[in-house]
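Below: one structure, written as structure tokens.
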Amino acid sequence: MIKQQPKITAPREINVNCADTLTAQNGVKLHKIDCTEDEVMRMSFVFKAGTRMQTKAFTASTTANLLSEGTKDFTAHELAEKLDFYGSYFDVSLDRDYVVITFCSLTKFFSQTLEVARQMLLYPTFPQGELETYCSKRQQRLLVEQSKTSFQARTLFSEALFGKEHPYGISFDASEYLNITRDDITTIYDTLYIAENCFAVCSGNISDEIESNILNLCGDIPNGKTKVHIEFPTPHTTPTVFKQHDGAVQSAIRIGTLLFPRSHPDFIAMQMLSTILGGYFGSRLVHNLREERGYTYGIFSGVVNLDYDGYLAIATEVSSESTKDAITQIYHEMNRLIVEKVSEEELEMVKNILVGEVMRILDASFGIADVTIENIQNGSDNNYLNKMLDEVFTITPERIQEVAVKHLDPNKFTTTVVGSVNPF
Amino acid sequence: MIDYKIKTLGNGLTVVVHQEKSSQMAAVNMLYRVGARNENPEHTGFAHLFEHLMFKGTAQIPNFDTPVQMASGENNAFTNNDYTDYYITLPKENIETALWLESDRMTGLNITPEGLEMEKRVVIEEYNQRYINQPYGEQWLCLRDMAYKVHPYRWATIGLSTDHISNATMDQVDEFYKKFYTPNNAILSIAAAYEPEYMFELAEKWFGDIPSMESEKQNIPEEPEQTESRRMELTQKVPANSVTIAFKMAGRDSINYYVSDMISDLLSSGSSARLYQSLVKEQKVLSAVNAYITGDVDPGLFVVTGQVNPGFTIEEAEQALWREITRLQTEEVGEYELEKVKNKFEANVIFGELNVMNKAMNLGFYTMLNDLPLINKEVDIYRSITKEQITLCAQDLFRKEISSTLIYNIEK
Chain A
2 MIKQQPKITA PREINVNCAD TLTAQNGVKL HKIDCTEDEV MRMSFVFKAG
52 TRMQTKAFTA STTANLLSEG TKDFTAHELA EKLDFYGSYF DVSLDRDYVV
102 ITFCSLTKFF SQTLEVARQM LLYPTFPQGE LETYCSKRQQ RLLVEQSKTS
152 FQARTLFSEA LFGKEHPYGI SFDASEYLNI TRDDITTIYD TLYIAENCFA
202 VCSGNISDEI ESNILNLCGD IPNGKTKVHI EFPTPHTTPT VFKQHDGAVQ
252 SAIRIGTLLF PRSHPDFIAM QMLSTILGGY FGSRLVHNLR EERGYTYGIF
302 SGVVNLDYDG YLAIATEVSS ESTKDAITQI YHEMNRLIVE KVSEEELEMV
352 KNILVGEVMR ILDASFGIAD VTIENIQNGS DNNYLNKMLD EVFTITPERI
402 QEVAVKHLDP NKFTTTVVGS VNPF
Chain B
108 MIDYKIKTLG NGLTVVVHQE KSSQMAAVNM LYRVGARNEN PEHTGFAHLF
158 EHLMFKGTAQ IPNFDTPVQM ASGENNAFTN NDYTDYYITL PKENIETALW
208 LESDRMTGLN ITPEGLEMEK RVVIEEYNQR YINQPYGEQW LCLRDMAYKV
258 HPYRWATIGL STDHISNATM DQVDEFYKKF YTPNNAILSI AAAYEPEYMF
308 ELAEKWFGDI PSMESEKQNI PEEPEQTESR RMELTQKVPA NSVTIAFKMA
358 GRDSINYYVS DMISDLLSSG SSARLYQSLV KEQKVLSAVN AYITGDVDPG
408 LFVVTGQVNP GFTIEEAEQA LWREITRLQT EEVGEYELEK VKNKFEANVI
458 FGELNVMNKA MNLGFYTMLN DLPLINKEVD IYRSITKEQI TLCAQDLFRK
508 EISSTLIYNI EK
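Protein chains in written order, with this note's numbering: chain A, 2 to 425; chain B, 108 to 519.
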């Protein structure tokens with residue numbers, strides 16, 4: 002019953018829905034993505050208020066998370082009720098650079114959700130009692146996370162990559178939650194949650210009325226004066242870090258090197274290189290460490306893009322006894338990219354994978370909103386996707402090798418391991 | 108609302124299709140009616156190990172992933188206690204690549220002894236990563252073991268021990284494949300922009316000639332009624348003491364399944380819900396709390412779990428949890444709160460239907476339940492639930508004698 006393989010169509014053109022941009026009276030830009038068939042709406046407010054902007058441990062995340070814990074007109078409980086009653090969602094995500102505050106709801110309940118958003122963004126009161134409850138809860142949660150080898154490895158990896166004092170490398174002890182004061186939080190709110198520091202992205206079936214309501218909210222975000230100055234020392238990478246974790250049956254390994262932000266001319270080529278190395282299920286690292294050797298359930302490599310820097314990261318959990326060889330194999334696979342050209346066939350596959358990923362993200366409005374946020378954070382717009390795909394489609398094996406030689410110098414890497422056996 | 112059309116091919120393969128006009132992607136989902144429940148108690152973890160083997164290639168297609176990736180697709184699979192699910196999304200022009208791959212591995216799986224050995228190692232590392240090398244990692248292994256004595260839900264899909272995985276043989280692989288991976292034991296569901304008739308034609312083209320197999324109805328032993336509370340205490344290097352209580356609940360075909368689900372929403376869906384407001388924010392006994400149902404086809408578990416804040420004892424936390432859940436047995440739920448969880452359920456259903464993959468997967472799931480129309484009826488079922496039903500269900504559900512409690516103590 003052998004059946005002929007169907008012909009494969011490799012998509013080479015993609016329709017990217019570009020956002021319409023409106024500007025509120027205070028300068029805040031609202032990027033609007035119309036998806037008229039959607040029954041749901043989503044609205045995200047992005048502030049440059051990530052952890053690198055804080056001068057004291059955990060204050061960036063605490064400020065963002067306390068927006069929902071009490072406002073001028075409502076208590077934390079009332080705000081939660083107002084969202085839950087309409088089945089709406091409120092989510093805060095925070096990275097080193099940005100805070101993204103997202104509200105999602107059924108289109109028919111969007112006005113009610115917008116009311117809550119207005120309260121949280123413009124009139125948070127940061128009640129002392131809520132601050133204390135939050136801090137003790139988060140301290141507990143962090144202790145749970147810190148007991149996981151994978152979490153420890155991630156933290157140590159950032160430290161090893163950038164240096165312990167660097168805003169992109171620093172981490173804190175859970176006990177620091179005890180030192181946060183209400184003043185710390187209001188200072189962050191007053192200086193960073195301002196119009197100059199914000200943009201908004203909205204997607205769904207947006208009526209004129211809703212559009213003007215959202216724009217009004219954007220326009221009411223206060224303008225600010227103070228510019229926060231954060232020291233950005235030169236990163237310093239430590240070659241090897243090991244942390245003993247007695248009783249661990251697996252070692253958590255993180256390997257990586259500093260790169261550059263997305264605007265760098267080698268960025269897309271490095272993204273492709275990282276995909277070849279460990280960015281998909283049939284990638285070289287998965288093949289070597291999982292399929293050939295059975296060391297791990299999974300291994301992944303990716304390029305991370307930050308406002309002022311970027312890095313390549315390889316992450317895996319391997320059986321303790323294979324730790325040493327797993328590291329050898331990872332470096333071996335990187336070296337192969339330096340010494341051998343990737344075949345046209347493998348490169349073709351990675352091109353197809355990447356275009357598939359983009360298509361999947363763009364197939365739903367929430368995905369388009371995410372992409373839009375990322376593009377604006379990087380100072381561009383959704384046309385970036387076309388530019389990126391152009392480069393992806395035309396890249397050559399020579400170019401991949403060129404960036405491998407340039408950026409995969411093992412002397413510039415860090416290898417971080419948490420487990421029961423020291424491989425170094 | 109999901110529109111669908113359903114058809115059974117001559118060989119017994121059930122095909123369900125949904126036309127999603129606006130999508131550039133096609134989602135192809137293949138569900139086999141086999142899960143950990145169908146395993147031999149001496150060889151647990153096998154259904155899941157077998158799911159891994161389904162990616163190890165056939166005589167015709169030595170590497171399953173390569174054509175998927177060449178077709179700009181993405182694929183994966185999961186196994187639970189009731190069924191095994193394989194799914195692919197790809198640009199709609201490549202839909203036949205997905206059908207070709209699924210039809211090929213329904214008949215031509217080609218596992219070598221070396222391939223089996225390697226995959227056992229991978230699955231053992233999965234076991235280590237998920238269940239051993241995590242704080243509270245073996246919680247579910249313990250809970251199932253406590254709550255079930257007879258029914259195969261007493262083991263997790265990963266299996267009772269890594270020994271069961273390492274002891275798997277090639278003969279078992281062959282037998283399992285022949286028994287369960289047949290068209291008459293499978294459900295193909297597709298969501299894509301094509302006309303339903305065309306999708307049925309494609310299903311016929313790729314699967315129509317696969318012979319059906321004799322299937323014997325497997326008798327799953329029924330779990331006897333639990334009559335006394337069960338308890339297990341572990342002392343481990345965990346970051347916080349924790350309390351988890353699991354109650355036996357109704358199966359998927361009972362109205363009380365929905366009422367129990369609604370009770371879990373009253374208790375812990377969203378930060379306005381009862382457990383979070385009362386135990387985390389007001390009393391501060393717990394730092395995290397959750398209530399949920401396992402969602403199994405046969406009678407499953409209703410789970411209440413919390414991490415105890417320093418300064419409170421495990422006994423205090425346990426009492427606080429019991430106080431909160433038993434309130435539902437005596438105090439009627441208010442109109443507002445009832446409306447809230449119903450709204451939230453409806454929103455969740457809509458949020459859960461946002462892309463073609465979720466739709467194809469849901470179609471497969473409800474077909475597996477033998478009640479496909481239910482896919483569009485659940486919101487109405489929730490809407491119809493009354494306060495009285497909630498009180499009665501809570502009285503039936505939160506009884507000590509059908510509970511199993513798992514405690515983690517911090518090792519000093």
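The beta-carbon is built from N, C-alpha and C at its ideal position, and this holds for glycine as well.
As the structure is a prediction and not an experimental result, all values here were calculated from the model.
Check: Inter-residue Cα distance where the pair is residue 351(A) and residue 164(B); Outcome: 20 Å
Check: Interface residues of chain B facing residue 149(A) [CB-CB closer than 9 Å]; Outcome: 240, 241, 242
Check: Residue environment, residue 220(B), which counts as buried when at least 16 other CB atoms sit within 10 Å; Outcome: exposed
Check: Members of the segment 192-205 of chain B near chain A, C-beta cut-off 7 Å; Outcome: 196, 197, 198, 200, 201, 203, 204
Check: Sub-7 Å separation of residue 121(B) and residue 401(B) beta-carbons; Outcome: no
Check: Min CB distance residue 172(B) to chain A below 7 Å; Outcome: yes
Check: Residues of the segment 359-387 of chain B whose Cβ lies closer than 8 Å to any Cβ of chain A, in chain order; Outcome: 376, 377, 378, 379, 380, 384, 387
Check: Cross-chain neighbours of residue 57(B) in chain A, by beta carbon under 7 Å; Outcome: This structure cannot speak to residue 57(B), because chain B is shown only from 108 to 519.
Check: Within-7 Å CB hit, residue 134(B) to chain A; Outcome: no
Check: Between the CA atoms of residue 330(B) and residue 186(A) - distance to the nearest angstrom; Outcome: 54 Å
Check: Cβ of residue 178(B) within 7 Å of any chain A Cβ; Outcome: yes
Check: Within-7 Å CB hit, residue 423(A) to chain B; Outcome: no
Check: Opening and closing residue of the beta strand (DSSP E) in which residue 355(B) lies; Outcome: 349-355
Check: Collapsed DSSP secondary structure at residue 312(B) in the structure displayed; Outcome: helix
Check: Proximity below 7 Å, CB of residue 242(A) to CB of residue 161(A); Outcome: yes
Check: Whole beta strand (DSSP E) elements within the segment 308-367 of chain A, 3-residue minimum; Outcome: 311-320
Check: Amino acids of chain B, ordered along the chain, whose beta-carbon sits closer than 8 Å to that of residue 9(A); Outcome: 174, 177, 178, 201, 204
Check: Proximal chain B residues relative to residue 281(A), where beta-carbon distance stays under 7 Å; Outcome: 176
Check: Closer than 8 Å at the beta carbon, the chain B residues around residue 364(A); Outcome: 130, 131, 132, 462, 463
Check: Segment limits, beta strand (DSSP E) that includes residue 516(B); Outcome: 510-517
Check: Which of helix, strand or coil DSSP assigns to residue 114(B); Outcome: strand
Check: Closest by C-alpha distance to residue 111(B), when choosing among 498(B), 500(B), 479(B), 218(B); Outcome: 479(B)
Check: Amino acids of chain B, ordered along the chain, whose beta-carbon sits closer than 8 Å to that of residue 1(A); Outcome: Given a span of 2 to 425 for chain A in the structure shown, any question on residue 1(A) remains unanswerable.
Check: Cutoff 7 Å: residue 303(A) Cβ touching any chain B Cβ; Outcome: no
Check: Residue 319(B) versus 326(B), 347(B), 354(B), 287(B), residue with shortest Cα-Cα distance; Outcome: 287(B)
Check: Cutoff 7 Å: residue 183(A) Cβ touching any chain B Cβ; Outcome: no
Check: Contact under 7 Å by Cβ, residue 496(B) with residue 366(B); Outcome: yes
Check: Contact belief for residue 463(B) with residue 485(B) at Cβ below 8 Å, rounded distance in angstroms; Outcome: Actually they do not touch by this definition, with Cβ atoms about 20 Å apart.
Check: Assumed close pair residue 241(B), residue 354(A) - CB separation to whole angstroms, cut-off 8 Å; Outcome: At roughly 30 Å, the Cβ-Cβ gap does not stay under 8 Å, so residue 241(B) and residue 354(A) are not in contact.
Check: Beta carbon of residue 512(B) nearer than 7 Å to that of residue 237(B); Outcome: no
Check: Beta-carbon proximity of residue 324(A) to residue 252(A), cut-off 7 Å; Outcome: yes
Check: For residue 68(A), the nearest candidate out of 117(A), 41(A), 181(A), 34(A) (CA to CA); Outcome: 117(A)
Check: Cα-Cα separation, residue 380(B) to residue 88(A); Outcome: 12 Å
Check: Residues near residue 369(A) in its chain [Cβ-Cβ closer than 7 Å; skip 5 each side]; Outcome: 18, 34, 204, 363
Check: Proximity test, Cβ basis, 7 Å: residue 423(B) and chain A; Outcome: no
Check: Whole runs of the beta strand (DSSP E) within the segment 39-117 of chain A, excluding any shorter than 3 residues; Outcome: 41-48, 90-95, 100-107
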